[in-house]
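Some notes on the structure that comes next.
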Ligand code: TXA
Ligand code: MG
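Numbering (the numbering used here), first residue to last: 14 to 363.
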């Protein structure tokens, strides 16, 4: 299969191209598209065969439910019911935007989408291309991140092509996504609500709107332990690059010194080493034969989030066997970056 690329302007996408992509969605095809977080792999949420093909194309286990994307919060009752006042408050505050709400599912929502759960995850993305596609097709669109299962999420159309080229009908190419990490997933079916995945909307911003929100950063489960998860996508070794990743936690100077020593040793023993750090830490690794990918300023979590997945993919592409990264602490997007790095890591060095 040849994967068609529609190149569109991210702010004002060509209506004719959107209509073409929408037609593909309505005829059961798979079309990847940019959202503000990462690229999604889209299919008509009412088309069982198309939804099944999403799992096949990604190599995703059937137990991992999908997010339904809507053009407008007004359409929420199409897919969810018993919508609590919290949901309306949050939708008003953050939609369109990187927040996914888990709610009781409406009758008729396909079991394939929810992996048999009585709940459905739903969001309205803040991206002109995603919204244009949703409006032009007139149906809710399921869209997991458009990567092979377990791999790093795509933040450019090129990343999607690397993972799914030849397996899907088309990609709307709207350039790089601007948040860079996935949406925040919030379960509203329990009281108080549970943060299942930190993401583009911060925990603090949620608490400001609705008060108490529970977040239990779980110890990563054993590899392959799938069904016991609250949110099945939250697997150990998720979001992982091909290379092994070691994460250095604790006090900054000590962690960076330790990283440098580890890098020296690994280089000496002939391993191809990559380092993923903020710009300010570059000096620690000078004169070592390694590949350094800068995440931008350590002070700017928005920049770091945006560059994180591209960095992991770039280091993989350069044939690095071992990636050394520093733990990120702090609030806001820092929580999402820490979560993704922890899940990508095979070792955390305190
Ligand atoms: O930013 C995003 O959310 C991107 C863009 C494309 O919208 N999508 C995305 O989808 O990250 P995916 O499939 O990679 O992650 C969806 C997450 C998974 O962790 C999944 O387990 C969780 O949402 N999820 C979906 N339905 C759920 C449900 N009913 N209950 C609990 N968690 C659910
Ligand atoms: Mg994903």
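Every residue gets a Cβ at the ideal spot worked out from N, C-alpha and C, and that includes glycine.
Next on the checklist: Going by C-alpha to C-alpha distance, which of 322, 363, 342, 132 sits closest to residue 357?
Outcome noted: Residue mapping note: residue 357 aligns to position 344 of the chain shown, counting from 1. The option with the nearest alpha carbon to residue 357 is 322.
Next on the checklist: Taking the beta strand (DSSP E) that residue 219 belongs to, which residues open and close that run?
Outcome noted: Along the chain shown, one-based indexing puts residue 219 at 206. Segment 216 to 223 is the alpha helix (DSSP H) holding residue 219; no beta strand (DSSP E) there.
Next on the checklist: According to DSSP, residue 19 sits in a beta bridge with which residue or residues?
Outcome noted: The residue given as residue 19 occupies position 6 in the chain shown. In DSSP, residue 19 forms a bridge with 185.
Item to check | residue 153: CB within 7 Å of a non-hydrogen atom of the ligand TXA | outcome: As a first step, residue 153 must be located in the chain shown, where it is residue number 140. Every heavy atom of the ligand TXA is 7 Å or more from the Cβ of residue 153, so no.
Checklist entry - CB residue 222 to CB residue 100, shorter than 8 Å? => result Counting from 1 along the chain shown, the entry for residue 222 is found at position 209. Counting from 1 along the chain shown, the entry for residue 100 is found at position 87. Going by C-beta atoms, residue 222 is not nearer than 8 Å to residue 100.
Next on the checklist: What residue range does the alpha helix (DSSP H) around residue 196 cover?
Outcome noted: In the chain shown, the residue the question calls residue 196 occupies position 183. Here residue 196 belongs to no alpha helix (DSSP H), and DSSP marks it neither H nor E.
Checklist entry - For residue 161, is the beta carbon positioned less than 7 Å from some heavy atom of the ligand TXA? => result Taking the chain shown and counting its residues from 1, one reaches residue 161 at position 148. Not under cutoff, so the answer is no.
Checklist entry - So residue 57 is in the alpha helix (DSSP H); what residue range does that whole segment cover? => result In the chain shown, counting from the first residue as 1, residue 57 sits at position 44. Premise fails: residue 57 lies in the beta strand (DSSP E), 52 to 57, not in any alpha helix (DSSP H).
Checklist entry - By how many angstroms is the C-alpha of residue 304 removed from the C-alpha of residue 288? => result Residue 288 sits at position 275 when you count from the first residue of the chain shown. Residue 304 sits at position 291 when you count from the first residue of the chain shown. Approximately 6 Å, taken between the alpha carbons.
Checklist entry - Should residue 227 go down as buried or exposed, given a rule of 16 or more other Cβ atoms within 10 Å for buried? => result Residue 227 sits at position 214 when you count from the first residue of the chain shown. By the neighbour-count rule (16 or more Cβ atoms within 10 Å), residue 227 is not buried but exposed.
Next on the checklist: Please determine whether the Cβ atom of residue 211 lies at a distance below 7 Å from any heavy atom of the ligand MG.
Outcome noted: Within the chain shown, residue 211 is the residue found at index 198, counting from 1. No, the ligand MG has no heavy atom inside 7 Å of this Cβ.
Next on the checklist: In the DSSP output, which residue or residues are listed as bridge partners for residue 132?
Outcome noted: What you label residue 132 is simply residue 119 of the chain shown in a count that begins at 1. DSSP, once it has assigned bridges, lists 117 as partnering residue 132.
Checklist entry - Going by other Cβ atoms of all chains shown within 10 Å of its Cβ, with 16 needed for buried, is residue 103 buried or exposed? => result Translated into positions along the chain shown, residue 103 becomes position 90. With 16 or more Cβ atoms within 10 Å of its Cβ, residue 103 is classed as buried.
Checklist entry - Between residue 311 and the rest of its own chain, which residues show a CB-CB distance below 6 Å, the 5 nearest in sequence each way excluded? => result In the chain shown, counting from the first residue as 1, residue 311 sits at position 298. For residue 311, where only same-chain residues beyond five positions count, the Cβ hits under 6 Å are 291, 293.
Checklist entry - Hey, is residue 275 close to the ligand TXA, as in C-beta under 7 Å from one of its heavy atoms? => result By one-based count along the chain shown, residue 275 stands at place 262. Checking the Cβ of residue 275 against the ligand TXA gives no.
Checklist entry - If you follow the beta strand (DSSP E) that residue 172 is part of, which residue opens it and which one closes it? => result Translated into positions along the chain shown, residue 172 becomes position 159. Counting along the chain, residue 172 falls outside any beta strand (DSSP E), though it belongs to the alpha helix (DSSP H) covering 170 to 177.
Next on the checklist: Is any non-hydrogen atom of the ligand TXA found closer than 7 Å to the C-beta of residue 85, if you look at the structure I gave you?
Outcome noted: Counted from its first residue, the chain shown places residue 85 at position 72. Because no heavy atom of the ligand TXA lies under 7 Å away, the Cβ of residue 85 does not count as near it: no.
Next on the checklist: Using a 10 Å radius around the Cβ and a threshold of 16 neighbouring Cβ atoms, would you call residue 272 buried or exposed?
Outcome noted: What you label residue 272 is simply residue 259 of the chain shown in a count that begins at 1. Classification of residue 272: buried, given that the 10 Å Cβ count is 16 or more.
Next on the checklist: I'd like to know if the segment 160 to 177 and the segment 187 to 197 are in contact, where contact means that at least 3 CB-CB pairs between them fall below 8 Å.
Outcome noted: yes
Next on the checklist: Taking 7 Å as the cut-off, is the C-beta of residue 167 nearer than that to any heavy atom in the ligand MG?
Outcome noted: Your numbering for residue 167 matches position 154 in the chain shown. Answer for residue 167: no, Cβ out of range of the ligand MG.
Item to check | Distance, residue 309 Cα to residue 339 Cα | outcome: For the purposes of this step, residue 339 is identified with residue 326 of the chain shown, where counting begins at 1. For the purposes of this step, residue 309 is identified with residue 296 of the chain shown, where counting begins at 1. Spanning the two alpha carbons is a distance of roughly 13 Å.
Next on the checklist: Taking 7 Å as the cut-off, is the C-beta of residue 196 nearer than that to any heavy atom in the ligand TXA?
Outcome noted: For the purposes of this step, residue 196 is taken as residue 183 along the chain shown, with counting starting at 1. Correct: residue 196 has its Cβ closer than 7 Å to the ligand TXA.
Checklist entry - Since residue 43 contacts residue 20 with CB under 8 Å, what's their CB separation in whole angstroms? => result Position 30 of the chain shown, counted from the first residue, corresponds to residue 43. Position 7 of the chain shown, counted from the first residue, corresponds to residue 20. That pair is no contact at about 18 Å.
Checklist entry - Taking 7 Å as the cut-off, does the CB of residue 51 come closer than this to any heavy atom belonging to the ligand TXA? => result Stepping through the chain shown from its first residue, residue 51 is reached at position 38. Yes; taking the cut-off as 7 Å, the Cβ of residue 51 has a heavy atom of the ligand TXA nearer than that.
Checklist entry - Excluding the five sequence neighbours on either side, which residues of its own chain have a C-beta within less than 8 Å of the C-beta of residue 280, listed in chain order? => result Your numbering for residue 280 matches position 267 in the chain shown. Excluding positions up to five away in sequence, the list reads 286, 301, 302, 303.
Checklist entry - Name the DSSP bridge partner or partners of residue 44? => result Position 31 of the chain shown, counted from the first residue, corresponds to residue 44. Looking at the DSSP assignment, residue 44 forms a beta bridge with 55, 183.
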